[in-house]
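Read top to bottom, the protein sequences are chains A and B.
So in this note's numbering, spot 22 of the first sequence is number 579, and the numbers just go up one at a time.
So in this note's numbering, spot 168 of the second sequence is number 725, and the numbers just go up one at a time.
Even glycine gets a Cβ: it sits at the ideal position worked out from N, Cα and C.
From a predicted model like this one, the values you see are computed outputs, not experimental measurements.
Taking it in order: structure first as structure tokens, then the write-up.
Protein chains: 2
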Amino acid sequence: MLHKMQGKRFPNMTTIKDVARIAGVSVASVSRVINNGPKVSQQTRDRVSKIMLDLGYTPNANARALVKRKSMTIGVVIPELTDPFFANLAHSVDVIARQYNMQLLLSTALQSADSEQEAINLLIEQRCQAIILHSKKLPDDALILLCKKMPQLVLIDRFIESIKHKCIWLDNKEGGKIAARHLMSLKHRNIACVSSMYTIEDPLLRLTGFKDELSKSGIGLDDGLIQYAQPNQQGGEKATQYLLACGKPFTAIFAYNDAMAIGVITALEDNGFRVPYDVSVLGFDDGLSARYSKPRLTTLHYPIDEMAQKAATLALNLVNEAQNNNAETYKYLPHLVKRESTAMCNIK
Amino acid sequence: MLHKMQGKRFPNMTTIKDVARIAGVSVASVSRVINNGPKVSQQTRDRVSKIMLDLGYTPNANARALVKRKSMTIGVVIPELTDPFFANLAHSVDVIARQYNMQLLLSTALQSADSEQEAINLLIEQRCQAIILHSKKLPDDALILLCKKMPQLVLIDRFIESIKHKCIWLDNKEGGKIAARHLMSLKHRNIACVSSMYTIEDPLLRLTGFKDELSKSGIGLDDGLIQYAQPNQQGGEKATQYLLACGKPFTAIFAYNDAMAIGVITALEDNGFRVPYDVSVLGFDDGLSARYSKPRLTTLHYPIDEMAQKAATLALNLVNEAQNNNAETYKYLPHLVKRESTAMCNIK
DNA sequence: TTGAAAGCGGTACCAG
DNA sequence: CTGGTACCGCTTTCAA
């Protein structure tokens, strides 16, 4: 059901010329009034203002963008709005956009490289002055190319060495380590993991950091105790059922994200285990649901708000390659938020 | 921290002229190639296409919008993106936008009439071909005026008689009635309400419908058992504490929305009551959290997705006042989703 | 099949 | 302080 180019054209609206004609002045003067320009007599200013109001005149941003070469828009590419994580990301960009008096242009990319590329192209067509891109599907080289074409493009949640000064990213590996330390501090030694089945690097990094830290203390992670599933509540439930079925003992589960963690808890309780008394569950993200769930989730806070605001600010201030010489990089760290889903291991 | 008009101008990008010059053809021909126009020789088409690719040429949507008087954008005004309800609304509009090959322009309005008006103005400046407006603050007459100026504007979650063919709304009163019927069918007779403190009409309508339906069966609603608070989780907790403190007995609570309902449950359990065994709790909206919460929420499903899609489609097909003669109106009804937070009253 | 040229609605420079 | 005007990048007649 693709309606190619459908949609009616905008009805004729009053233009600057209409205003000028009716006010008996030149368009130049009207333009000055619109922009609060300096050299207009108060008398002209008042008359023109009144007429603009009477006519319900609204300047055309497209025309303005064309001549000024500034669209006053900032673009965001995210997979979709229904995921609160991405909605928050967009929201934070919006906060910055407002500060700069700019409009938010949203492009959702679903889950394919093509659709990501398409989303970006649309934003470039619109000549956004900044683009915040959350890409998981496009390969590194495509992004590097893109950055060359669009200097004011910033990547969020991704790290690429050769354009690292445009990458706002979270240290997932360190996140895994923090998780491991927390669980170890609670004396857990038999730990399971519920990870995402998608082949993006985040889950791998978290897992790697997690394992590394455990092994530092001589704790191994049985491969059978790592289950991969869809990174949502159902995936969490399913993975937990497998975990339970395999029969290996564990006293804690590190989930890829909060949604999975909630699924994990559900499955655990359905099978007669109590969280955190029998099994501790650790999430990741610290979204709203982490506070809603019962028990409330102990989880790693993902500072997406901060990161998105940084991304927007950075993008807006990226004039051209010349300025990218700054050696700044933008690594963020998750931090532990202790709530109720983890507790001291009570099995010796 | 308002950065007036800051932000660098867009770097010079290659234009249609560049392409034309390098290809040794006129801009007209390039334009034809871009738009897959009919009268171009295959040879020219190929050469120009290649050059566009080599140059990384991307047409300027602003220029195009100007001359074609079609921006290919669709605007959405919502209070904010962090609320999943509004994020869903925006998402559904986006779904339609994609079908029509249009871009989503988002304007957040926070919580004041001025900022709503401002958000709308910005979208009109952008010459969106359709605007979906969720307004709670602007008075009826302002909206009626707006509709006159912007025929392709559609209101969502609001009903104004004189422009009812542009209103996509939910029958909140009926929602209240459905809620009452459900609770009565479970034999509850002492019922409390936790409502929103904001003076928008939704909470009032729900409450009215609720009371009306109760009184039909001869059940009264003690004014002391109606508490008003912020329409979020904390508000729900607070309101419940007041309810508990006032000492009047009740076996069920009808909350203004899911967030409040979850707060209600928390407060109830903190005070030793079990949901739904001791007290039933009924929510409204049926957002994600209704499924995450424990117990999972029995709630009234708000078909916001459907409504938003309808709104977008309607707006896009609204050419001018002439066509608004259609007598169609767009009332939607919530429906009950039974989950775990309500149960038969076990107090005689 | 092609190109020249007239705008679309503004801005900004220059002259008066 | 004001007006005339040359663009901004692209589409679309109209002729050739």
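Measuring straight from C-alpha to C-alpha, what distance separates residue i and residue j?
i	j	result
Lys-867 (chain B)	Val-650 (chain B)	9 Å
Ser-598 (chain A)	Val-582 (chain A)	12 Å
Pro-636 (chain A)	Ala-670 (chain A)	11 Å
Lys-627 (chain A)	Arg-684 (chain A)	8 Å
Ile-677 (chain B)	Ser-898 (chain B)	40 Å
Arg-602 (chain A)	Glu-682 (chain B)	21 Å
Pro-852 (chain B)	Val-838 (chain A)	19 Å
Glu-758 (chain B)	Leu-871 (chain B)	24 Å
Val-624 (chain A)	Lys-888 (chain A)	38 Å
His-722 (chain B)	Tyr-849 (chain A)	39 Å
Met-570 (chain A)	Arg-896 (chain A)	56 Å
Thr-808 (chain A)	Met-754 (chain A)	23 Å
Asp-779 (chain A)	Leu-771 (chain A)	11 Å
Gln-563 (chain A)	Asn-658 (chain B)	Residue confidence is low: Gln-563 (chain A) scores 42 on pLDDT, short of 50, so the model does not pin down where it sits. No coordinate-derived value is stated.
Asn-903 (chain B)	Asp-835 (chain B)	8 Å
Trp-726 (chain B)	Val-894 (chain B)	20 Å
Ala-924 (chain A)	Glu-673 (chain A)	Since the first residue shown for chain A is 558 and the last is 905, residue 924 (chain A) is missing from the structure and cannot be characterised.
Val-576 (chain B)	Met-609 (chain B)	6 Å
Ala-816 (chain B)	Pro-760 (chain B)	14 Å
Val-652 (chain B)	Gly-792 (chain A)	25 Å
Lys-705 (chain B)	Met-629 (chain B)	21 Å
Asn-619 (chain B)	Ser-588 (chain B)	15 Å
Thr-756 (chain A)	Ile-776 (chain B)	58 Å
Pro-806 (chain B)	Thr-855 (chain A)	35 Å
Lys-795 (chain B)	Ile-819 (chain A)	25 Å
Tyr-859 (chain A)	His-691 (chain A)	15 Å
Ala-900 (chain B)	Leu-743 (chain B)	6 Å
Ala-699 (chain A)	Val-633 (chain A)	18 Å
Asn-593 (chain B)	Ala-847 (chain B)	49 Å
Ala-654 (chain B)	Met-707 (chain B)	18 Å
Ala-812 (chain B)	Leu-857 (chain B)	10 Å
Ile-573 (chain A)	Arg-621 (chain A)	11 Å
Met-741 (chain A)	Tyr-785 (chain A)	22 Å
Starting from residue i and walking both ways along the beta strand (DSSP E), at which residues does that stretch end?
i	result
Gly-632 (chain A)	630 to 635
Thr-665 (chain A)	660 to 665
Ser-752 (chain A)	748 to 753
Leu-743 (chain A)	Element bounds for Leu-743 (chain A): n/a, residue is neither H nor E.
DSSP has residue i in a bridge; who is on the other side?
i	result
His-517 (chain B)	The displayed coordinates of chain B run from 558 to 905. Any statement about residue 517 (chain B) would go beyond what the structure contains.
Tyr-785 (chain B)	B:Ser-752
Ile-810 (chain A)	A:Ala-749, A:Val-838
Cys-724 (chain A)	A:Leu-712
Tyr-887 (chain A)	A:Ile-725
Would you mind reading off the limits of the alpha helix (DSSP H) that contains residue i?
i	result
Ala-580 (chain A)	573 to 580
Cys-803 (chain A)	790 to 803
Ala-900 (chain B)	Run containing Ala-900 (chain B): none; DSSP gives neither H nor E here.
Ile-681 (chain A)	670 to 682
Gly-766 (chain B)	758 to 773
Ile-819 (chain A)	815 to 827
Asp-651 (chain B)	641 to 656
Lys-607 (chain B)	599 to 612
Asn-619 (chain A)	618 to 625
Ser-586 (chain A)	584 to 591
With respect to 7 Å, is the separation between the Cβ of residue i and the closest non-hydrogen atom of the ligand ADP below this value?
i	result
Ser-774 (chain B)	This structure lacks the ligand ADP; in fact it carries no ligand of any kind.
>> Using 8 Å as the cut-off, can you tell me whether the stretch 735 to 742 of chain A makes contact with the stretch 797 to 805 of chain A, which would need three or more C-beta pairs spanning the two stretches below that distance?
In response: The stretch 735 to 742 of chain A is not in contact with the stretch 797 to 805 of chain A.
Would the stretch 607 to 623 of chain A count as touching the stretch 820 to 831 of chain A if we require 3 or more Cβ pairs under 8 Å?
No, they do not touch.
Meets three-Cβ-pair contact criterion under 8 Å: the stretch 758 to 771 of chain A and the stretch 720 to 730 of chain A: Put simply, the stretch 758 to 771 of chain A touches the stretch 720 to 730 of chain A. At least three CB pairs are less than 8 Å apart.
Q: Take every Cβ of the stretch 708 to 726 of chain A, pair it with every Cβ of the stretch 657 to 670 of chain A, and state whether three or more of those distances are shorter than 8 Å.
A: no
Start-end ranges of the beta strand (DSSP E) lying completely within the stretch 686 to 718 of chain B, minimum 3 residues | 687 to 690, 710 to 713
- Task: Kindly confirm or deny that the stretch 639 to 659 of chain B and the stretch 831 to 845 of chain B touch, where touching means at least three C-beta pairs closer than 8 Å.
- Result: yes
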